[in-house]
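Below is one structure, written out as structure tokens, with a few remarks after it.
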Amino acid sequence: MLKEYDKAWAKYQESLKIVPLPLISWEFYNMPRAEQKEFNDIQANWSEKINYLKVKKTNNSAILVTDANFKIIFASTNIMEMNGYDYKEIIGNSPKMFQGKETSLESRKKIRIAIENLRPFKEVILNYKKNGEIYLCQIEAYPKFDKKGIFVNYIAFETAA
């Protein structure tokens, strides 16, 4: 049956009279998921904008953005390199999903206090990868406000330390 299918497919391909062209570039495989547009849409109402490409190229940080309820609404694709989670698995969850039993209570407390007071913070915290391995994560996070001064998001730049 497979041979008949192959023959039928070959016959169909020949009937198309398509001329094969050499592949000149693989650049289309390098295209991001339009994450820059997603990020720009999120920051459209922020009082201060961030140059997404510059941050991504110079810091090589994973970028997370939470909403006012501290649920992740944006994660850069390089998050997978750091912790094994695909950005689609992260959206809608709290950043606490990366923490576990070995995560320092003192670090958690410092972050919680900064968030409650809508202050920037920088902290190194023990996080967990999707496969259960632990890693040190340096988090640099900033609250973002709209043009009226109302809190709308937190943005975090994260790197494996």
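Here the sequence shown is numbered in our numbering, starting from 1116 and rising by one per residue. C-beta atoms are modelled at their ideal positions from N, C-alpha and C, and glycine is treated no differently.
Report the three-state DSSP secondary structure of residue i (helix, strand or coil).
{"i": "E1217", "result": "coil"}
{"i": "T1181", "result": "strand"}
{"i": "K1122", "result": "helix"}
{"i": "K1274", "result": "The sequence given here places Thr at residue 1274; Lys does not occur at that position. T1274: strand per DSSP, three-state reduction."}
{"i": "N1175", "result": "coil"}
{"i": "A1149", "result": "coil"}
{"i": "P1258", "result": "strand"}
{"i": "Y1243", "result": "strand"}
{"i": "L1251", "result": "strand"}
{"i": "K1186", "result": "coil"}
What does a CB cutoff of less than 6 Å around residue i pick up in its chain, not counting 5 residues either side in sequence?
{"i": "K1237", "result": "E1255"}
{"i": "A1177", "result": "S1191, N1193, I1194, M1197, E1273"}
{"i": "V1239", "result": "L1251, Q1253, A1276"}
{"i": "A1271", "result": "L1179, I1254, A1256"}
Do residue j and residue i have their beta-carbon atoms positioned less than 8 Å apart in this structure?
{"i": "K1245", "j": "S1209", "result": "no"}
{"i": "I1194", "j": "Y1200", "result": "yes"}
Can you say whether residue i is buried or exposed, counting buried as having 16 or more other CB atoms within 10 angstroms of its CB?
{"i": "K1171", "result": "buried"}
{"i": "A1123", "result": "exposed"}
{"i": "Q1128", "result": "exposed"}
{"i": "K1263", "result": "exposed"}
Please return the same chain residues whose Cβ sits closer than 8 Å to the Cβ of residue i, not counting the five positions on each side in sequence.
{"i": "I1249", "result": "G1215, E1217, L1241, N1242, Y1243"}
{"i": "Q1151", "result": "Y1167, L1168"}
{"i": "E1153", "result": "F1189"}
{"i": "V1267", "result": "N1160, W1161, D1182, A1183, K1259, F1260, D1261"}
Cβ contact (3+ pairs, closer than 8 Å) linking the region 1157-1176 and the region 1218-1233: no
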